[in-house]
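There are 2 protein chains.
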Amino acid sequence: MDKDRKNIVVLEPSKIVYEGLTSLILKSDHDCFFFHTENINDIEILFAQKDISVVFINPITVLNRLNEFARIRNHFPDIYWIGIIYSFYDSSVLSIFNDTFLITEDISVIIKKINKICKNDSPHSQKDVELTEREKDVLKWLVTGFSNKETSNKLNISIHTVNTHRKNIMDKTGIRSMSGLTIYAVTKKIISLD
Amino acid sequence: MDKDRKNIVVLEPSKIVYEGLTSLILKSDHDCFFFHTENINDIEILFAQKDISVVFINPITVLNRLNEFARIRNHFPDIYWIGIIYSFYDSSVLSIFNDTFLITEDISVIIKKINKICKNDSPHSQKDVELTEREKDVLKWLVTGFSNKETSNKLNISIHTVNTHRKNIMDKTGIRSMSGLTIYAVTKKIISLD
DNA sequence: CGGACAATCACCAATAGTGGTGATATTCAG
DNA sequence: CTGAATATCACCACTATTGGTGATTGTCCG
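From first to last, the protein sequence lines stand for chains A and B. Quick note on numbering: my numbering labels position 171 of the first sequence as 1367, and the sequence is numbered without any gaps. Quick note on numbering: my numbering labels position 178 of the second sequence as 1374, and the sequence is numbered without any gaps.
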């Protein structure tokens, strides 16, 4: 997995603008990964699960919710907020972002902004704990939708053992829900999407 | 050469919007050919050389040149002008176009407008017994690892309502585990894997 | 108008999961 | 040999989920 890849959230109600922005950046051979969301409600999910460094944000999405935006910004101080400007805003509104760009601007201007942020970005290693083989066995069944009891039957062990393994898995990964563990298992290729 | 192919001019200063608009329409398996121009000066050349049927037009490109726009419109009466709206305009400005769409609108709305013009409106009712928007909202949070109670807080509804939605989702999909629903949500692109 | 559907809320009982405390046995590296 | 890691099993208390049964409200459509 590429450690230099940037995860970028695009908080923009227009699918057209999202598509255009991401398409042009990707065409420029930039190694980014994009997440689209249309309102601020969903953004904390993304922050919780992903290593997000940049948010492209349409000011309209927070205009009536500046308090909530301030709270989120304070809560995630490392995130760089870039406003997507295609209308007229008061400068006091625009100052809530780290940077802005005009929608009519050339894509190279936007890419320069991304590059500037990347240079300042410190490579922080994400603690990558390895599960034991047995833990992977247990996880495989659990995230395929089997209950603790069913899993214990499949593996011919007691439900208590399954429970212990599950607890250890949750302690190691820090993920405390089966849904989260399912995502984990898929991305770690412990199970396949089929 | 396909006779049904539509030649569409996009008169739009923003490359991002042009890219997004055309990319999404092409992704929808629509047989269109696009010409990009950033101002009205070049448009008559295109009209002379190509068989243009539709112009997607950003009102800003003609706001200060309404007389010239009226002249061109009169000169090419068969052309259908669709305004690309992403700001606030006086209704008298918008009335100079045959139709408009909001940049935040779904691409299907825009495609419907194209189809209406070309009288190719195919009634493809794809009997998709899908989840409702609210059910998707609930599912989004649930499969991201939030509990019923947390989800009810996030959506500002009672835990009973979350429960009802969850039950309906499980009934509709026939999937009775959160892990299974997570896989479902990923494959249905309700959430993203990353 | 009336019926279908969507979204909201509530109660109840059974089952399952979570998280803490243990324990024992085996294996393997220092 | 010793200690760390792994795998196994158990009990307990609490909370959450699951799956029924309702209900009310509003909207949209024929």
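C-beta: ideal position from N, C-alpha, C; glycine also. This structure is a prediction, so every number in the text was calculated from the model and none was measured.
If you draw a straight line from the C-alpha of residue i to the C-alpha of residue j, how long is it?
{"i": "Y1285/A", "j": "T1257/A", "result": "13 Å"}
{"i": "Y1380/B", "j": "G1279/A", "result": "33 Å"}
{"i": "K1309/B", "j": "S1388/B", "result": "30 Å"}
{"i": "R1372/B", "j": "L1335/B", "result": "13 Å"}
{"i": "H1271/B", "j": "E1215/B", "result": "28 Å"}
{"i": "T1340/A", "j": "K1211/B", "result": "44 Å"}
{"i": "G1376/A", "j": "D1238/A", "result": "16 Å"}
{"i": "V1325/B", "j": "I1221/B", "result": "Annotation note: pLDDT 47 at V1325/B (below 50); position unreliable, no value reported."}
{"i": "K1368/A", "j": "S1343/B", "result": "20 Å"}
{"i": "R1267/A", "j": "D1227/A", "result": "30 Å"}
{"i": "D1260/B", "j": "I1292/A", "result": "For clarity, residue 1260/B is Asn in the given sequence; the question names Asp instead. One C-alpha to the other measures close to 32 Å."}
{"i": "R1269/B", "j": "F1252/A", "result": "37 Å"}
{"i": "V1158/B", "j": "T1300/B", "result": "Past the boundaries of the shown model lies residue 1158/B; chain B is included only from 1197 to 1390, so the question cannot be answered."}
{"i": "E1240/B", "j": "E1234/A", "result": "37 Å"}
Below 6 Å CB to CB, which residues in the same chain sit around residue i once its five sequence neighbours on both sides are set aside?
{"i": "N1316/B", "result": "Since pLDDT at N1316/B reaches only 35, below the 50 mark, its modelled position is unreliable, and the value read off the structure follows with that caveat. Closer than 6 Å at the Cβ level, and outside the excluded window around N1316/B, lies no residue."}
{"i": "D1366/A", "result": "Note that residue 1366/A is Met in the sequence shown here, rather than Asp. R1372."}
{"i": "K1246/B", "result": "N1203"}
{"i": "F1265/B", "result": "V1258"}
{"i": "K1323/B", "result": "Below a pLDDT of 50, predicted positions are generally treated as unreliable, and K1323/B, at 30, falls in that range; no measurement from the model is reported."}
{"i": "S1224/A", "result": "I1307"}
Among residues of its own chain, excluding the 5 on either side of residue i, which ones have a beta-carbon nearer than 7 Å to its beta-carbon?
{"i": "F1230/A", "result": "I1204, V1206 and T1218"}
{"i": "V1382/A", "result": "L1389"}
{"i": "N1254/B", "result": "L1207, E1208, P1209 and I1280"}
{"i": "H1361/A", "result": "R1330, E1331 and V1334"}
{"i": "N1364/A", "result": "E1331"}
Counting only the same chain and skipping the five closest in sequence on each side, list residues whose C-beta sits under 8 Å from that of residue i.
{"i": "K1332/A", "result": "I1386"}
{"i": "L1298/A", "result": "I1281 and Y1282"}
{"i": "V1295/B", "result": "Here residue 1295/B turns out to be Asp, not Val, going by the sequence shown. The answer, listed in chain order, is Y1276, W1277, I1278, G1279 and K1309."}
{"i": "Y1312/A", "result": "A quick correction: the sequence has Lys, not Tyr, at residue 1312/A. Contacts found: none."}
{"i": "I1236/B", "result": "L1207, T1257, V1258, R1261, E1264, F1265 and I1268"}
Based on the DSSP secondary-structure assignment, which residues constitute the bridge partners of residue i?
{"i": "K1202/B", "result": "C1228/B"}
{"i": "G1370/B", "result": "Beta-bridge pairing links G1370/B to no other residue."}
{"i": "G1279/A", "result": "I1253/A and T1296/A"}
{"i": "L1207/A", "result": "T1233/A and I1253/A"}
{"i": "I1268/B", "result": "None; I1268/B has no bridge partner."}
{"i": "I1248/B", "result": "N1203/B"}
Using a Cβ-Cβ cut-off of less than 9 Å, list which residues of the stretch 1361-1377 of chain A approach chain B; keep chain order. I1371, R1372, S1373, M1374, S1375, G1376 and L1377
Does the stretch 1294-1307 of chain A come into contact with the stretch 1343-1363 of chain A, if we say contact requires no fewer than three beta-carbon pairs (one atom in each stretch) closer than 8 Å? no
Under 7 Å, CB to CB, which of the residues in the stretch 1291-1306 of chain B have a partner in chain A? I1299, T1300, D1302 and I1303
Contacting positions in the stretch 1335-1350 of chain B - beta carbon closer than 8 Å to chain A: K1336, W1337, L1338, V1339, T1340, G1341, F1342, S1343 and K1350
Against chain B, which members of the stretch 1210-1238 of chain A pass a CB distance test of less than 9 Å? S1210, K1211, I1212, V1213, Y1214, E1215, G1216, L1217, T1218, S1219, L1220, K1223, F1229, F1231, H1232, E1234, N1237 and D1238
Using a Cβ-Cβ cut-off of less than 8 Å, list which residues of the stretch 1255-1282 of chain A approach chain B; keep chain order. Y1282
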